[in-house]
Amino acid sequence: MTAILVQEYKALAGKEIGVSRWVEMDQKRIDTFAECTEDHQFIHVDPVRAAQTPFGGTIAHGFLTLSLLSGMAYDVFPPIEGTKMGVNYGMNKLRFLAPVPSGKRVRGRFKLLEVTERHPGVLQSTYEATIEIEGEDKPALLAEWVGLTYV
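Numbering (our numbering), first residue to last: 6 to 156.
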């Protein structure tokens, strides 16, 4: 992806930036996340017990789904010319709307809502981030995500 000028980036405010590649949410990924976070709730890691729930099987942790936003953003956020670094500033809003069953694929859809200059050389960007579940009408999550870019 070719780097764009700050002015070109600011002009993208209010527009959808793009959609990421599909990412498989397999049981290995879910189990690895459970190990990293020490969240071994059975609905995530025990297929036999999880099959007895309304989910019908294991589901991804909501925070695992959320954590995929960073990698998905690399697929679609245009690099800004002169960028020294970018950092995650947090979420203004976040809702987990639907569970992601093990074996499903998810992807991120991003809209740039607003760009402001916090300080000279520091851009604050607010994105609407949606993680879609392949074949499902309802998304896994909807977030208002804020990042800082140092140029």
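Positions of the beta carbon are idealized from the N, C-alpha and C atoms, including for glycine.
Burial state of residue i (16 or more Cβ within 10 Å)
{"i": "Pro-144", "result": "buried"}
{"i": "Tyr-79", "result": "exposed"}
{"i": "Thr-154", "result": "buried"}
{"i": "Thr-7", "result": "exposed"}
{"i": "Lys-68", "result": "Checking the sequence, you will find Phe at residue 68 rather than Lys. Exposed, since its Cβ has fewer than 16 Cβ neighbours within 10 Å."}
{"i": "Lys-98", "result": "exposed"}
{"i": "Ser-25", "result": "buried"}
{"i": "Lys-89", "result": "exposed"}
Nearest-angstrom Cα separation, counted from residue j out to residue i
{"i": "Phe-47", "j": "Glu-29", "result": "20 Å"}
{"i": "Phe-60", "j": "Pro-106", "result": "8 Å"}
{"i": "Asp-142", "j": "Thr-42", "result": "29 Å"}
{"i": "Ser-130", "j": "Gln-57", "result": "43 Å"}
{"i": "Arg-54", "j": "Ile-64", "result": "12 Å"}
{"i": "Asp-51", "j": "Leu-71", "result": "21 Å"}
{"i": "Gly-140", "j": "Leu-10", "result": "37 Å"}
Whole-number beta carbon distance between residue j and residue i, since they are thought to touch under 8 Å
{"i": "Gly-1", "j": "Val-156", "result": "Given a span of 6 to 156 for the chain in the structure shown, any question on residue 1 remains unanswerable."}
{"i": "Glu-137", "j": "Arg-112", "result": "5 Å"}
{"i": "Leu-102", "j": "Leu-146", "result": "6 Å"}
{"i": "Val-5", "j": "Phe-115", "result": "Outside the shown range of the chain (6 to 156) lies residue 5, about which nothing can therefore be said."}
Residues that DSSP places opposite residue i in a beta bridge
{"i": "Lys-20", "result": "Leu-117"}
{"i": "Phe-101", "result": "Leu-146"}
{"i": "Gly-91", "result": "Thr-154"}
{"i": "His-45", "result": "The partner list for His-45 (beta bridge, DSSP) is empty, contrary to what the question assumes."}
{"i": "Arg-112", "result": "Glu-137"}
Top-ranked residue by Cα proximity to residue i, from the options
{"i": "Ala-134", "options": "Lys-15, Leu-128, Leu-118 and Gly-87", "result": "Leu-118"}
{"i": "Gly-95", "options": "Glu-149, Gly-23, Leu-17 and Phe-38", "result": "Glu-149"}
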